[in-house]
Amino acid sequence: MSEAIKALNNIRTLRAQARETELQVLEEMLEKFTAIVEDRREEENATRKEKEEHQAKLDAFRQKLLEDGIDPAELLASISSSQTKAKATRAPRPAKYKYTDENGNEQTWTGQGRTPKALAIAIKAGKKLEDFAI
Numbered sequence: 061m062s063e064a065i066k067a068l069n070n071i072r073t074l075r076a077q078a079r080e081t082e083l084q085v086l087e088e089m090l091e092k093f094t095a096i097v098e099d100r101r102e103e104e105n106a107t108r109k110e111k112e113e114h115q116a117k118l119d120a121f122r123q124k125l126l127e128d129g130i131d132p133a134e135l136l137a138s139i140s141s142s143q144t145k146a147k148a149t150r151a152p153r154p155a156k157y158k159y160t161d162e163n164g165n166e167q168t169w170t171g172q173g174r175t176p177k178a179l180a181i182a183i184k185a186g187k188k189l190e191d192f193a194i
């Protein structure tokens with residue numbers, strides 16, 4: 061919460077500020093706050109009304125489905141099962157390069173992503189990437 065909102069929400073702070081403010085200014089502030097509150101109430105009511113209308117439509121559709129002998133859960137299950145498709149997993153890329161790491165283990169690399177450290181050191185030392193091709 062911002063400092064201004066905290067101050068407006070604290071009755072003691074408001075009273076202290078009101079003592080230092082002219083009555084006419086306080087009345088103007090009250091009118092503005094009242095207008096803002098009314099606008100906010102209208103927005104809240106409109107939102108609530110939209111939700112109620114939406115729910116009424118859903119209930120009407122549900123009732124219509126039940127009258128026709130269709131269970132809504134069955135309908136949703138049939139829709140979701142027809143839309144569910146298994147993701148095709150691609151085959152792993154074949155290794156293109158073979159090298160020996162710092163521990164003396166033979167490793168392979170596809171050529172994708174970051175160059176392995178041992179391979180990068182060897183290339184920096186003067187070897188070519190083609191020297192490690194499988």
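In my numbering, each residue carries its 1-based index in the sequence shown increased by 60.
Ideal Cβ positions, reconstructed from N, Cα and C, are used throughout, including at glycine.
The straight-line gap separating the alpha-carbon atoms of E91 and L83 is approximately 12 Å. Boundaries of the beta strand (DSSP E) harbouring E166: 166-169, taken from the DSSP string. Just so you know, the alpha carbons of E134 and T170 end up roughly 47 Å apart. Per DSSP, K177 is one residue of the alpha helix (DSSP H) stretching across 177-184. Under the DSSP assignment, K158 falls outside any alpha helix (DSSP H), being part of the beta strand (DSSP E) whose first and last residues are 157-160.
The way I'd put it, the region 147-156 doesn't touch the region 121-133; fewer than three beta-carbon pairs between them come closer than 8 Å.
The beta carbons of E166 and T175 sit about 17 Å from each other, so the pair does not count as a contact at 8 Å. Between K156 and A180, the C-beta spacing is not below 8 Å. No residue range can be given for Q172, since it is assigned to no alpha helix (DSSP H) and is classified by DSSP as neither H nor E. F93 and D119 have their alpha carbons spaced roughly 39 Å apart.
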